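To start, the structure under review is shown below, and the notes come after it.
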Amino acid sequence: MTPGRDVVEAGGSASAAPTVASRRSAAPPTVDFGRRLLRLETAGLSALVPVRGVVVCAALVAVILVAGVTSMTVGAYDVGLGDVLRALLGPSVDADVRQVVVEWRLPRVLFAVLCGAALALSGGIFQSLTRNPLGSPDIIGFGVGAQFGVTLTMLVLGLNTYTYKAAGALVGGLATALLVYALATKGSVSSFRLIIVGIGVSAGLGSLTSWILVSVSVEEAMMAATWGAGSLASLGFDQLVPAAVVLVVAVLAALPLTRALPVLEMGDDAATALGISPGRTRLGAMVVGVLLVALVTAAAGPISFIALAAPQICQRLTRSSTPMGTVSVMLTGAALVVVSDTVAQLLAVPVGVVTVSVGGLYLVWLLAGQYARRV
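Those letters in the sequence shown? Residues 1 to 375, per the UniProt record's numbering, in order.
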């Protein structure tokens with residue numbers, strides 16, 4: 001019996017050896033993320049990018065290009081689509097047409113892209129920070145604070161250059177953010193309290209802005225009211241270059257937030273356990289978000305509701321779990337502003353009028369959807 005048992009055991013071990021070897025040689029099991037991913041690998045970088053996100057970004061770039069080229073055909077000086085393309089792609093075009101397209105209308109399109117990208121990224125930061133789709137700088141008063149700072153700088157201090165307006169917008173936005181944050185903090189930060197306090201502070205600053213407008217001359221009030229409507233007209237490369245530099249700095253500062261804010265959405269305890277400081281992250285996010293709003297407000301005036309709508313639209317397009325993104329969110333905002341500015345030129349109104357009209361309808365739809373889900 002013993003030799004027989006030895007033969008069975010030896011036979012079992014011999015037959016098991018190829019099985020173990022085959023398991024070792026087989027490919028490791030893949031993880032199902034629930035969506036198609038594109039693997040990007042370089043010498044020092046490896047990442048998984050959602051295929052849907054890449055497709056959405058490509059579609060948004062196409063929308064920006066089509067709407068931007070179309071907007072450059074609109075104006076008092078009639079320029080056809082072929083002339084616009086020749087002026088942009090080659091020197092063989094009339095000098096007057098090239099001046100109109102490249103020197104006058106191209107900066108406006110680039111500014112629309114810049115403003116949309118900055119506002120969308122700011123909206124994504126604040127919506128992720130408050131964990132609420134209504135937590136955009138338009139609603140919680142930071143945009144109104146930046147507008148109040150510019151109005152104070154222009155009409156009370158008499159400083160009307162881009163640098164002074166940018167400084168006024170930044171100081172006004174940061175002061176408003178600190179005020180709202182201090183009033184809304186009671187032991188812990190509640191997104192509901194933050195939004196309610198922000199709405200109240202926004203109403204107060206709006207009243208102060210109106211009081212300043214009725215206290216100055218008619219010419220100064222008209223100038224401030226025109227700027228307050230939000231317009232991309234009369235903006236050139238002189239204002240575009242410093243604004244682009246500030247945007248690059250703000251985007252670089254926002255890159256660490258793309259990882260920290262989604263973790264902070266899970267709660268302060270979870271964020272602390274994962275090595276993220278909630279207080280420091282909130283302060284940095286508020287500074288970067290207000291800087292982005294101030295950048296746009298100083299250049300073009302208040303362009304409302306882009307910061308509110310763009311992150312939510314991007315989140316639905318990409319099916320992301322958080323409104324805090326970078327490339328896709330910025331492209332969504334850029335596409336919204338470029339399309340809105342094209343419509344504004346056709347209607348001969350400031351771009352802020354178009355964004356307010358569309359954004360107001362979107363806000364009603366968003367509130368109705370939230371109410372329906374609660375009921």
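Just so you know, even glycine gets a beta-carbon here, dropped at the ideal spot from N, CA and C.
As the structure is a computational prediction, the values presented were derived from the model and not from experiment.
Local conformation of L37 per DSSP, three classes:
Numbered from 1 along the sequence shown, position 37 holds the residue referred to as residue 37. Strand, per DSSP.
Nearest-angstrom Cα separation, counted from S202 out to V218:
Position 218 of the sequence shown, counted from the first residue, corresponds to residue 218. Position 202 of the sequence shown, counted from the first residue, corresponds to residue 202. Whole-angstrom Cα-Cα distance: 25 Å.
Cβ-Cβ separation, T153 to Y164 (assumed contact under 8 Å), whole Å:
As a position in the sequence shown, residue 164 is number 164, starting the count at 1. As a position in the sequence shown, residue 153 is number 153, starting the count at 1. About 5 Å separates the beta carbon of Y164 from that of T153, a gap short enough to meet the 8 Å contact definition.
Leaving out the 5 sequence neighbours to the left and right, which residues in its chain are closer than 6 Å to D268 when beta-carbon positions are compared?
Reading the sequence shown from its first residue, position 268 is the one you call residue 268. Closer than 6 Å at the Cβ level, and outside the excluded window around D268, lie P278.
P50 bridges to which residues according to DSSP?
On the sequence shown, residue 50 is found 50 positions in, with the first residue counted as 1. The partner list for P50 (beta bridge, DSSP) reads L37.
Can you list, in chain order, the residues of its chain with a C-beta nearer than 8 Å to that of P323? Leave out the 5 residues immediately preceding and following it.
As a first step, residue 323 is located in the sequence shown; it is residue number 323 there, counting from the start. These residues qualify, in order along the chain: G123, G124, Q127, S128, P133, P311, Q312, C314, Q315, V329.
Using a Cβ-Cβ cut-off of 7 Å (strictly less than) and excluding sequence neighbours within five positions of V97, which residues of its own chain qualify?
For this step, residue 97 is matched to residue 97 along the sequence shown. Taken in chain order, the residues that qualify are V79, D83, A87.
C-alpha distance - G360 paired with A95, whole-angstrom precision
Mapped onto the sequence shown, residue 360 falls at position 360. Mapped onto the sequence shown, residue 95 falls at position 95. Cα to Cα, G360 sits roughly 42 Å from A95.
To the nearest whole angstrom, what separates the beta carbons of G173 and G135, a pair I think is in contact under 8 Å?
Residue numbering aside, residue 173 sits at position 173 when the sequence shown is read from its first letter. Residue numbering aside, residue 135 sits at position 135 when the sequence shown is read from its first letter. So it is not a contact: roughly 15 Å between Cβ atoms.
Below 8 Å, how does it come out for the stretch 100-118 and the stretch 280-300: are there three or more Cβ pairs, yes or no?
yes
Where L91 sits in the DSSP three-state scheme:
The residue given as residue 91 occupies position 91 in the sequence shown. Contrary to the premise, residue 91 reads as Pro rather than Leu in this sequence. It is coil, neither helix nor strand.
C-alpha gap between I140 and I199, whole angstroms:
For this step, residue 140 is matched to residue 140 along the sequence shown. For this step, residue 199 is matched to residue 199 along the sequence shown. Spanning the two alpha carbons is a distance of roughly 5 Å.
Quick one: any contact between the stretch 59-69 and the stretch 333-343, if contact means 3 or more CB pairs under 8 Å?
yes
Nearest to T242 by alpha carbon, out of V102, G90, A167, F305?
For this step, residue 242 is matched to residue 242 along the sequence shown. As written in the sequence, residue 242 is Pro, which differs from the Thr given in the question. Of V102, G90, A167, F305, the residue nearest in Cα terms is A167.
Residue range of the alpha helix (DSSP H) that includes T151:
For the purposes of this step, residue 151 is taken as the residue at position 151 of the sequence shown. T151 -> alpha helix (DSSP H) spans 142-151.
Where V171 and L291 are concerned, what is the direct C-alpha to C-alpha distance, given to the nearest angstrom?
For the purposes of this step, residue 171 is taken as the residue at position 171 of the sequence shown. For the purposes of this step, residue 291 is taken as the residue at position 291 of the sequence shown. If I take the Cα positions, the gap works out to 9 Å.
Residues of its chain near E220, where Cβ-Cβ distance is below 7 Å and the 5 sequence neighbours each way are ignored
Residue mapping note: residue 220 aligns to position 220 of the sequence shown, counting from 1. Result list for E220: L155, in chain order.
Sequence-distant residues of its chain with Cβ nearer than 7 Å to N160 (five each side left out):
Here residue 160 refers to the residue found at position 160 when the sequence shown is read from its first residue. Around N160: M154.
Report all residues from its chain with a CB closer than 8 Å to the CB of A225; omit the five preceding and five following residues, and keep chain order.
The residue given as residue 225 occupies position 225 in the sequence shown. Only L213 meet the Cβ criterion.
Whole angstroms is fine: what's the gap from residue 379's alpha carbon to P302's?
Nothing can be reported for residue 379, as the shown portion of the chain is limited to 1 through 375.
Would you call the CB atoms of T209 and G228 closer than 9 Å?
Here residue 209 refers to the residue found at position 209 when the sequence shown is read from its first residue. Here residue 228 refers to the residue found at position 228 when the sequence shown is read from its first residue. A contact, by the Cβ cut-off of 9 Å.
For V100, which residues of its own chain have a beta-carbon under 7 Å away from its beta-carbon, when the five flanking residues on both sides are left out?
What you label residue 100 is simply residue 100 of the sequence shown in a count that begins at 1. Y77, V79, listed in sequence order.
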